[in-house]
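Residues -3 to 94 in our numbering are what the sequence shown lists, from first letter to last.
Backbone N, C-alpha and C fix where the C-beta goes; we use that ideal spot for every residue, glycine too.
Written below as structure tokens is the structure these notes are about.
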Amino acid sequence: MSKDFDDFLREHEENVNKLKKRDKETESDKERARDEFSRDYSRVIYSNSFRRQQGKMQLFAVNGRAFHRNRLTHIFEVAQIVRGIVDYLKKIHLIILI
């Protein structure tokens, strides 16, 4: 391998090791019974970039009335609608859970 590549690997070794650690479930993860989706969902909800959406405003008009929403509220409203659609599709067996 080239010297540049070796230097790159040494420089980013800590980040690579963090990724490897995530692949292995620890005993505490098993005890909490949280799957990967739940852990990722929590990471997103508590991330700084997600929280910054709270300060971003949207303005839209329906039938001449203006509605103000911040993006964070909008994200949760859309997520609730999507959960409703998924629940409906599960009921009519269009989504097969793995």
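Annotation for N59: no alpha helix (DSSP H) segment contains it, and DSSP assigns it neither H nor E. Bridge partners of Q54 according to DSSP: R65. L5 carries a helical assignment under DSSP once its states are collapsed to helix, strand and coil.
Between R67 and Q76, the C-beta gap is not smaller than 8 Å, which leaves the two residues out of contact.
Taking the C-beta atoms as reference points, F46 is found nearer than 8 Å to V40. Taking a C-beta distance under 8 Å as the contact criterion, F63 and F56 qualify as a contact pair.
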